[in-house]
Amino acid sequence: MPVYAIGDLQGCFDELKDLLEIIRFDPARDRLWFTGDLVNRGPQSLECLRFVKELGDAAITVLGNHELHLLAIGNGQPQYLHDGDTLDDILAADDCRELLDWLRGLPLMHHDADSGFTMVHAGLPPQWRTGQALEYAAEVEQALRGPRYRDYFANMYGNEPDCWSPDLDGWDRLRFITNCLTRIRYCSGDGVLDLKEKGVPDAHDALPWFEVAGRQSLPEKIIFGHWAALRDYSQDYARFNVFPLDMGCVWGGELVALRLEDERYFSVPSRQGLSGSG
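Oh and the sequence shown: position 13 is 984 in my numbering, straight run, nothing missing.
Set out below in structure tokens:
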């Protein structure tokens, strides 16, 4: 059963159709993994959500920061809506509530023991082993699916705390876990998050999360998205056992798929005329 991991769509539905044609996707035979950020910035977020939802068991999707942003806005936090957001079609759709409830049931992290691959939207702090990260992800997933999920969204935003401690609790603990899994790019050598920087690593003093010496998740093959600027970063990712798949389709780059069985890449060019870095 071929499995293809696909980078951030961000509303680029036409490019997704192009990519699925290139790989000759057959939902009866193949499986798709999505790195999150199906929505926002691009023109067809609603179409992307509906399509992936309808794939059912043929697809596995982890939540990205843009899905959580959409969920917050749709569940009592409209003040966080940004001028550049392209979420209006979803929020006005007849099936909006059904789509939001589906998103709340998605995982923040996925591990496949048979292939040895782990998928997360953004990354992991250096202190966490992959098994630990799955346990921490489950804490946030429980909050998303529980009766107080609106309280979670009211407390989700913010950059603090910026360093892991097992003693973190309450909303601080859930916020830190969320920020790691859906927002991390840079951190210091001792694991302090830098959530403000997002450009090309060569231009910054901080370390990409996957380059921190002694990273506990190094033995696992980790697929992630979120960081479109990495398309301009020359790096031997095999050294770090990571597979970055966000090549900035919504910003005029490419939409990329990785076939897990032979680690072969497939890509299609963007149809977008935007500029930026996600």
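Beta carbons: idealized from backbone N, C-alpha and C, even for Gly.
Specify the secondary structure class of ARG1156 as computed by DSSP and reduced to three states. Note: ARG1156 maps to coil in three-state DSSP.
Under 8 angstroms between C-beta atoms of LEU1164 and ILE1155: LEU1164 places its beta carbon less than 8 angstroms from that of ILE1155.
Cα-Cα separation between ARG1186 and ASP1066, rounded to whole angstroms: Note on geometry: alpha-carbon atoms of ARG1186 and ASP1066 lie some 42 angstroms from one another.
Can you tell me which of TRP1142, LEU1115, PHE1237 and LEU1189 puts its alpha carbon nearest to the alpha carbon of LEU1042? The option with the nearest alpha carbon to LEU1042 is LEU1115.
Please work out which residues of its chain come closer than 6 angstroms, Cβ to Cβ, to LEU1070, disregarding the five sequence neighbours upstream and downstream, and give them in chain order. Answer for LEU1070: LEU1020, listed in chain order.
Relative to the alpha-carbon of GLN1098, which residue among PRO1137, ASP1060 and TRP1198 has its alpha-carbon at the smallest distance? The shortest C-alpha separation from GLN1098 is found at PRO1137.
CB of LEU1166 within 8 angstroms of CB of GLY1196, strictly: Contact flag unset, no.
For GLY1141 and ALA1228, the rounded distance between their alpha carbons: If you draw a straight line from the Cα of ALA1228 to the Cα of GLY1141, it comes to about 37 angstroms.
If we ignore side chains and look at the alpha-carbon of each, how far apart do GLU1038 and LEU980 end up? C-alpha separation (whole angstroms): 12 angstroms.
For GLY982 versus PRO1014, is the C-beta distance shorter than 8 angstroms? Taking 8 angstroms as the Cβ cut-off, GLY982 and PRO1014 qualify as a contacting pair.
What do you get for MET972, buried or exposed, if any count of 16 or more other CB atoms within 10 angstroms of its CB means buried? By the neighbour-count rule (16 or more Cβ atoms within 10 Å), MET972 is not buried but exposed.
Alpha carbon to alpha carbon, how far is SER1241 from ASP989? Give it in angstroms, no decimals. The alpha-carbon of ASP989 is positioned some 10 angstroms away from that of SER1241.
Alpha carbon to alpha carbon, how far is TYR1107 from ASN1091? Give it in angstroms, no decimals. It is Val, not Asn, that sits at residue 1091 in the sequence shown. Their Cα atoms are separated by approximately 12 angstroms.
ALA1093: buried (16+ other C-beta within 10 angstroms of its C-beta) or exposed? Burial call: buried.
Beta-carbon proximity list for GLU1112, same chain, < 7 angstroms, skipping 5 on both sides: Here GLU1112 has PRO1078 and LEU1079 as same chain residues with Cβ atoms under 7 angstroms from its own Cβ, once five neighbours each way along the sequence are excluded.
I need the boundaries of the alpha helix (DSSP H) containing ILE1031, first residue and last residue. According to the DSSP assignment, ILE1031 belongs to no alpha helix (DSSP H) but to the beta strand (DSSP E) extending over 1030-1032.
Pop quiz: SER1086 and VAL974 are said to be a contact at Cβ under 8 angstroms. What is the actual Cβ separation, rounded to whole angstroms? With 8 angstroms as the limit, SER1086 and VAL974 qualify as a contact, their Cβ atoms being about 7 angstroms apart.
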